[in-house]
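K.L.:
Chains as they are written, first to last, in the working numbering: chain A, 1 to 338; chain B, 1001 to 1505; chain C, 2001 to 2339. We treat Cβ as the ideally placed atom computed from N, Cα and C, and that holds for glycine.
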Amino acid sequence: MAGSSTKSRLHFASLILLALGWVAILGCRTRSESPAEKQAEKTAERPRIALIMKSLANEFFSTMAEGAKRHQAEHSGQYELIVNGIKDEVDVTRQVSLVEEMVAQEVNAIVIAPADSKILVPVLKRAQAAGIVVVNIDNKLDSEVLAKNDTRVPFVGPDNRAGARKVGEYLARQLKKGDKVAILEGLRTAFNGQQRRLGFEDAMKGAGMEIVASQSAEWEMAKANAIASAMLSEHPDLKALLCSNDSMALGAVAAVKTAGRAGAVAVVGFDNISAVQTAVKDGSIAATADQHGDKLAVFGIEYALKIIQEKSSPEDKETPVDLITAETFKEASKAPSK
Amino acid sequence: MPFTESQVVLRLRGIRKSYAAPVLRDVDLDIAAGQVHALIGANGAGKSTLSRIISGLASPDAGTMVLSGEAYAPRNKAGAESRGVHIVQQELNLVPTLSVAENLFLNRLPHRCGVLRRRELRDRACGALAMVGLAGTVDPDTPVSQLGVGHQQLVEIAAALSHDCRVLILDEPTAALTDPQIDLLFEHLRRLRAAGVAILYISHRMDELRRIVDHATILRDGDVVCTAPMNHLTAEEIVRQLTGKEIQRESHHCARQRGEIALQVDRLSRDGVLHDVSFEVREGEIFGIAGLVGSGRTELLRAIFGADVADRGGVHLGGAAEGVRFREPRHAVKAGLAMIPEDRRQHGLLMPQPVLSNVTLGNLRRFASWWGRIRARRERDSAQHFCRAMDVHYQGLDQRADQLSGGNQQKVVIARWLLRDSRVYLFDEPTRGIDVSAKATVYHLLNELAGQGKAVVFVSSEMRELLEICDRIGVMSAGRMTAVFRRGEWNQEKILHAALSGYSR
Amino acid sequence: MSAPREHRESSEPMRASRGGGYRRVAGEYAGLVIVLIAMVCLFGMSSRHFIRVQTFATIANQIPALTIIAVGMTFVLVIAGIDLSVGSVMALSASLLGMAMVDWGWPVWPAAAFAVLVGLCCGLANGFVSVWFSMPSFIVTLGMLEIARGCSYLSTNSETKYIGEAIEGIGAPLAGIGLSPAFFIAVGIVIAGQFLLSRTVFGRQVIAIGTNEQAVRLSGINPVPGKIIVFAMAGLLAGLGGVFQASRLSSADPNAGIGLELAAIASVVIGGTSLMGGRGSVISSFLGVWIIAVLQTGLAQVGATEPTKRVITGIVIVVAVIVDAYRQRLGNWRRPLRS
Ligand SMILES: Nc1ncnc2c1ncn2[C@@H]1O[C@H](COP(=O)(O)OP(=O)(O)OP(=O)(O)O)[C@@H](O)[C@H]1O
Ligand SMILES: [Mg+2]
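So this is what it looks like as structure tokens:
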């Protein structure tokens, strides 16, 4: 190497140190969000709970995480919370690493929304073996793989299949028997995606619709837009697009508009993220399902705390899923409680 | 100091510069208007470093500069140019993908609202090229990468000449030029001198210095050892001053036993470049190739060596009846050929790599175990041995090649091929940019190789050295070999005539 | 490559090269090691649970795939190429590994060998196409990125294949040591890679090709095999990375390794390997991998928000590249420092 390398390595080092100094500041800031922490740290060892999310760039999950943080701020005496996410839906490896890192940190409980319903199982089993309480939220772990591994992980969350069926049935009421519909699936590897697809299919088959296409847009708006456009031109008589989440529904709505078929093609979504609310109100999205995303993580955390305290044996716990349509908002505005 | 105050344009005092080791130590220099001032010194003496400091390309560690009575401390090349100081660097600095015209006016392209005015650019480029005698030969729109080294050098000179300058620095401008081009350049320099421009001129060619230089300063290892009017200095004096020891002039030609034909080139042709070139070289013979820049000398060597693939004809090695056309240099190397390329930076050296890897490139197998581990000790010993043989001035085998002075880079390339034992050596301008004593080393080396029964092909633009050491000289002109002379049959006129004859067809 | 400074050498015959070795080596890696230690200290200060053996063992067991891919990438960057396909190739070979074990019922070793072979083939394809059609490796490997990803979806039907315990042996920590066999294999490959690059004919030729291919050709060396071997190696290591990955996840994930090429390039560049070719060090790349991994883990333990993580990771990468460019310019032969 050049003779100059030592000197510039020093530069390098100092620059990185600067960057890291900044990390420390930011790090402290995110931690100091819980004001009671300092004193609490000295007092009792509160249980530490790691919330491991999927992509926090996805509004659904960031809402969920926000809800959890708010809950922690209100109950800061009861537990400590570490929230982590991955950079996109498919970065499963990173999620496995996160679990390992949390195990290394010896947290008391891990509440996880798995990015993959199979891959996470062995590492969660290891976490349990290390004495950590594990609670599964959002995306249910694959029961077959769980069985193969001889483990049980309690699932706290909505029944996606039932929720999707609700949405599908609402949609079916607005269509005629034999209408052509298409499904935009989530990531095929994800259990909740599979469940929602099945729910949609149940409803459509039950009402006698014809499913002409079913493709995965991997939860993403841009991909959904491209795929929906292709479906619309492929099937000029398509009547509805059932999307397994709201991001994809937004992508599909845009595709419908671009194709000039607004009003002729109905779109439904799932999740009820805030971005779709106007779309639901104005009818461009016919329906979506609210699984109370902001509470999902909180349900998981509360359940984890309960298990820690009671040392109870873990059972699954179902949380509610509600159908959201334009009417829901009208009712809500009449009764301003919600 | 030899000049009166009023004449001095540029005054340097106590200029000091060190890289890993000191390169310039307290250099004082006065350059007068209307004079050609030579900077003479061995390879690595610090000439280029000094000229880079004057032209803003490097900053001195200590010392002051005064230009026309005002303090002068250029922060970069543009700063120097705004004060009228221009440089033609030793190494080419053109943008290969841009055209000749664009390179000439790179920092002052004529434009209207940012849109290039191509007509005007072209006209101005033609004007600039005319100054160096390229007006008819080189189209301003050709990309620079398509020009040979000589023409590129002329383009650089044209770029500098097209400015109004107060001080013009030429760092070995003639290294790649042929005599007629040098004549033209000198004519220009004389005109500039008459117009009161101060010219700092760096060259290793003694005869040139005599022709154009008024005053000379000699550097040795970064010290000024002598500064005097040129006509007060004899050639012997200069050589003694710059080497610090007496060198007796020896004749470089010695009679040798000539053996079998080692290399026979049979009607080698490459469309548009080479036309039916035939000649042969015997073992123990030095075959010189003369010709103008662009006459196809480099192309000839490249075609023989397989660096470019010839279209017709072939070469016979060691008297083989079968002619071959090498498609890749490695086939030629395997057959016992070696080539020292003309453009050492593009084709010879791994610039940012240490001297060590440069010397042993292509020879590593010799130092390696059967499975490819390099035996470091052996490699270094051997590299060091051959660098010594070539008298390379360096700070260690780990110094990067791009930090060597120009002449020493050339020596490193030669050292690489010495390390490998070949039967036929093709030298393309091996003495370009190396100092007198190093030249003597190269001549000595050529002789030694020939003495060992190797065949040597030696391309040079310096007629004198060809006349001095070759056994026979072939003359290239417009891609043809128009004449071959034996020692004793030749003289400068005959060769020059042959060199021009191809163009009149 | 070699010593930063040895001035006495030309006067005093050949002693310095070995004797100064330790100090030289230390000097070469000191910068990166200091950065690592500083990062560890900083994270240690912000999280009570960071500095403990288990954290580092966890990291060590996470990085084998990235490490060996970074080794391959170092070679590719040294010849002034780039390989964007490593992430996809890793996913493809993991997928085929999964298919072989789950659907065809192969035992683990033949299946692993098959996966590595798949990687090798992808790498060879990259090498041949880019050399024979003299296409920029950027384009060729970009194509391979899509092809391999597509094939991995096709072969698994876009679903994760759960393999189970059979494959876990390589990636699971050894009892008592806490480190996985994969980690030791990766370290072995790093050492071998460094040796190959700095001490063998092949390595020297690779460096030379990356510096000035013309000069290499004119000195009678055929640069073609070297280039192809480098790409093949990158592919092979990506294939092995796929095995490590599958073993760590006990599953074959067709989505694995998305964006991994960027992480690999980032760690190699942090290690000081030049994107312009001709300069690089495998050990430094390994340190680069550690820096990225520690950064990632540390940020996760501190609980930094996702945007913060990305901003900081980005800053660290960019700063490293700036330093790389700056260092290049220090020794640049075209433009002296000041201009
Ligand atoms: N960037 C650099 N880093 C380290 N050393 C350098 C650098 N540039 C030049 N040198 C050293 O400075 C010395 C003088 O170099 P310089 O190029 O000025 O010589 P020169 O007199 O022009 O020689 P030549 O006639 O061969 O061109 C050489 O020993 C060279 O190795
Ligand atoms: Mg010089």
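1. What ranges does the alpha helix (DSSP H) occupy inside the segment 2053-2082 of chain C, keeping only unbroken runs of at least 4 residues that lie completely in it?
2. What runs of the beta strand (DSSP E), each 3 residues or longer, lie entirely inside the segment 203-251 of chain A?
3. Measuring only the C-alpha atoms, how far is A:A51 from A:V83?
4. Answer yes or no: the CB of B:V1095 versus the heavy atoms of ligand 1, is any distance below 7 Å?
5. Grab me the residues of C:L2124's own chain with a C-beta within less than 6 Å of its C-beta, minus the 5 sequence neighbours each way, in chain order.
6. Answer yes or no: does any C-beta atom of chain C fall closer than 8 Å to that of A:P122?
7. Between which two residues does the alpha helix (DSSP H) carrying A:F155 extend?
8. Tell me whether B:C1254 sits in a helix, a strand or coil according to DSSP, three-state version.
9. Could you give the C-beta distance for B:F1386 and B:V1359, rounded to a whole number, given that I count them as a contact under 8 Å?
10. When the cut-off is 8 Å and only beta carbons count, does C:I2167 lie next to chain A?
11. Is A:E331 close to chain C? Criterion is C-beta to C-beta, closer than 8 Å.
12. Would C:A2238 pass as a contact of C:G2150 if the rule is Cβ separation under 8 Å?
13. What is the DSSP secondary structure of B:M1351, reduced to helix, strand or coil?
14. Quick check on A:N108 - is its C-beta less than 8 Å from some C-beta in chain C?
15. For B:L1446, does the count of other Cβ atoms within 10 angstroms reach 16, so buried, or fall short, so exposed?
16. With contact counted as at least three CB pairs below 8 Å, one residue from each stretch, are the segment 1336-1352 of chain B and the segment 2197-2206 of chain C in contact?
17. Would you mind reading off the limits of the alpha helix (DSSP H) that contains B:P1022?
18. Around the Cβ of B:T1064, are there at least 16 other Cβ atoms within 10 angstroms (buried) or fewer (exposed)?
19. Leaving out five residues on either side along the sequence, give the residues of the same chain with a beta carbon under 6 Å from the beta carbon of A:D116.
20. Just checking my contact of B:Q1241 with B:C1254 at CB under 8 Å: how many whole Å lie between their CB atoms?
21. Over the uninterrupted alpha helix (DSSP H) stretch that includes B:T1217, give me the two end residues.
22. Going along the chain, which residues of its own chain have a beta-carbon closer than 6 Å to the beta-carbon of A:V167, five neighbours each way excluded?
23. Under 8 Å between beta-carbons, which chain C residues line up against B:G1084? List them in chain order, please.
24. Return the CA-CA distance between A:C28 and C:G2044, expressed in angstroms with no decimal places.
25. Establish whether the CB of A:A224 and some CB of chain C are separated by less than 8 Å.
26. Verify the contact flag: B:S974, CB atom, against every heavy atom of ligand 2, threshold strictly below 7 Å.
27. Suppose you measure from the CA of A:L120 to the CA of C:S2250; what does that come to, to the nearest Å?
28. Any heavy atom of ligand 1 closer than 7 Å to the CB of B:Y1072?
29. What is the DSSP secondary structure of C:F2183, reduced to helix, strand or coil?
30. Counting only C-beta atoms, is C:E2009 closer than 8 Å to chain A at any point?
31. Assign B:Y1201 to one of three DSSP states: helix, strand, or coil.
32. Strictly below 7 Å CB to CB, what residues from chain C border B:H1347?
33. Taking the C-alpha atoms as reference points, what is the distance between C:V2053 and C:A2293?
34. What's the call for B:V1115, buried or exposed, on a 16-neighbour Cβ count within 10 Å?
35. Mind checking C:M2135: buried by the 16 CB within 10 Å criterion, or exposed?
36. Scan the segment 2243-2309 of chain C and note each continuous alpha helix (DSSP H) run of 4 residues or more that stays entirely inside, going in chain order.
P.N.:
Looking at the atomic coordinates:
1. Every alpha helix (DSSP H) stretch that sits fully inside the segment 2053-2082 of chain C and reaches 4 residues is listed by chain position as 2053-2062, 2064-2078.
2. Here the runs fully enclosed are 210-216, 238-243.
3. The residue given as residue 51 of chain A occupies position 51 in the first sequence. The residue given as residue 83 of chain A occupies position 83 in the first sequence. According to the sequence shown, residue 51 of chain A is Leu rather than Ala. Distance between the alpha carbons of A:L51 and A:V83 is about 5 Å.
4. Position 95 of the second sequence, counting from 1, holds the residue named residue 1095 of chain B. Relative to ligand 1, even the nearest heavy atom lies 7 Å or more away from the CB of B:V1095.
5. Here residue 2124 of chain C refers to the residue found at position 124 of the third sequence. Closer than 6 Å at Cβ, skipping near neighbours: A2232.
6. In the first sequence, counting from the first residue as 1, residue 122 of chain A sits at position 122. So, interface residue.
7. Locating residue 155 of chain A in the first sequence gives position 155, where the first residue counts as 1. Here A:F155 belongs to no alpha helix (DSSP H); instead the beta strand (DSSP E) covers 155-157.
8. For this step, residue 1254 of chain B is matched to residue 254 along the second sequence. Coil, per DSSP.
9. Residue numbering aside, residue 1386 of chain B sits at position 386 when the second sequence is read from its first letter. Residue numbering aside, residue 1359 of chain B sits at position 359 when the second sequence is read from its first letter. Yes, B:F1386 and B:V1359 are in contact; Cβ-Cβ is about 6 Å, under 8 Å.
10. As a first step, residue 2167 of chain C is located in the third sequence; it is residue number 167 there, counting from the start. By this cut-off, C:I2167 is not an interface position.
11. Here residue 331 of chain A corresponds to residue number 331 of the first sequence, with the count starting at 1. Under the Cβ distance rule, A:E331 does not count among the residues neighbouring chain C, no pair being separated by less than 8 Å.
12. Within the third sequence, residue 2238 of chain C is the residue found at index 238, counting from 1. Within the third sequence, residue 2150 of chain C is the residue found at index 150, counting from 1. It is not a contact, given that the beta carbons lie outside the stated cut-off.
13. The residue you call residue 1351 of chain B lines up with position 351 of the second sequence. Of the three classes helix, strand and coil, the one that applies to B:M1351 here is coil, per DSSP.
14. Position 108 of the first sequence, counted from the first residue, corresponds to residue 108 of chain A. Against chain C, the CB of A:N108 has no partner CB under 8 Å away; the residue lies outside that interface.
15. Counting from 1 along the second sequence, the entry for residue 1446 of chain B is found at position 446. Buried, because 16 or more other Cβ atoms sit within 10 Å of the Cβ of B:L1446.
16. Verdict: no, contact absent.
17. Here residue 1022 of chain B is taken as the residue at index 22 of the second sequence, counted from 1. In the DSSP annotation of this structure, B:P1022 is not part of any alpha helix (DSSP H); the continuous beta strand (DSSP E) holding it starts and ends at 1022-1032.
18. Reading the second sequence from its first residue, position 64 is the one you call residue 1064 of chain B. Residue burial annotation: B:T1064 is exposed, with fewer than 16 other C-beta atoms found within 10 angstroms of its C-beta.
19. By one-based count along the first sequence, residue 116 of chain A stands at place 116. Close CB contacts of A:D116 within its chain, under the 6 Å cut and outside five residues either way in sequence, are with V92, T189 (chain order).
20. For the purposes of this step, residue 1241 of chain B is taken as the residue at position 241 of the second sequence. For the purposes of this step, residue 1254 of chain B is taken as the residue at position 254 of the second sequence. Between B:C1254 and B:Q1241 the Cβ distance is about 28 Å, and since that is not below 8 Å, they are no contact.
21. As a working note, residue 1217 of chain B is residue 217 in the second sequence. For B:T1217, there is no enclosing alpha helix (DSSP H); the enclosing beta strand (DSSP E) has its first and last residue at 1215-1220.
22. Here residue 167 of chain A corresponds to residue number 167 of the first sequence, with the count starting at 1. Excluding sequence neighbours, A:V167 sits near V268, A287, A289.
23. Taking the first residue of the second sequence as position 1, residue 1084 of chain B is located at position 84. From the beta-carbon of B:G1084, no residue of chain C is found nearer than 8 Å; the closest lies around 18 Å away.
24. As a first step, residue 28 of chain A is located in the first sequence; it is residue number 28 there, counting from the start. As a first step, residue 2044 of chain C is located in the third sequence; it is residue number 44 there, counting from the start. Its pLDDT being 48, under 50, A:C28 is placed unreliably in this model, and the coordinates cannot settle the point.
25. Counted from its first residue, the first sequence places residue 224 of chain A at position 224. Not one chain C Cβ lies under 8 Å of A:A224.
26. Any property of residue 974 of chain B remains undetermined from this structure, which presents chain B solely from 1001 to 1505.
27. Stepping through the first sequence from its first residue, residue 120 of chain A is reached at position 120. Stepping through the third sequence from its first residue, residue 2250 of chain C is reached at position 250. Going from the Cα of A:L120 to the Cα of C:S2250 covers about 9 Å.
28. One-based indexing of the second sequence puts residue 1072 of chain B at position 72. Result no, Cβ not under 7 Å from ligand 1.
29. Locating residue 2183 of chain C in the third sequence gives position 183, where the first residue counts as 1. Correct three-state label for C:F2183: helix.
30. As a position in the third sequence, residue 2009 of chain C is number 9, starting the count at 1. Because the pLDDT at C:E2009 is just 35, under 50, the model does not fix this residue reliably, and the value given afterwards should be weighed accordingly. No, no contact with chain A.
31. As a working note, residue 1201 of chain B is residue 201 in the second sequence. Here B:Y1201 sits in strand by DSSP.
32. For the purposes of this step, residue 1347 of chain B is taken as the residue at position 347 of the second sequence. Within chain C, the residues near B:H1347 are Q2214, A2215, L2218.
33. The residue you call residue 2053 of chain C lines up with position 53 of the third sequence. The residue you call residue 2293 of chain C lines up with position 293 of the third sequence. In a straight line, the C-alpha of C:V2053 is about 15 Å away from that of C:A2293.
34. In the second sequence, the residue the question calls residue 1115 of chain B occupies position 115. Taking every protein chain shown into account, the CB of B:V1115 has fewer than 16 other CB atoms within 10 angstroms, so this residue is exposed.
35. In the third sequence, counting from the first residue as 1, residue 2135 of chain C sits at position 135. By the neighbour-count rule (16 or more Cβ atoms within 10 Å), C:M2135 is not buried but exposed.
36. Qualifying alpha helix (DSSP H) stretches, in chain order: 2260-2270, 2282-2302.
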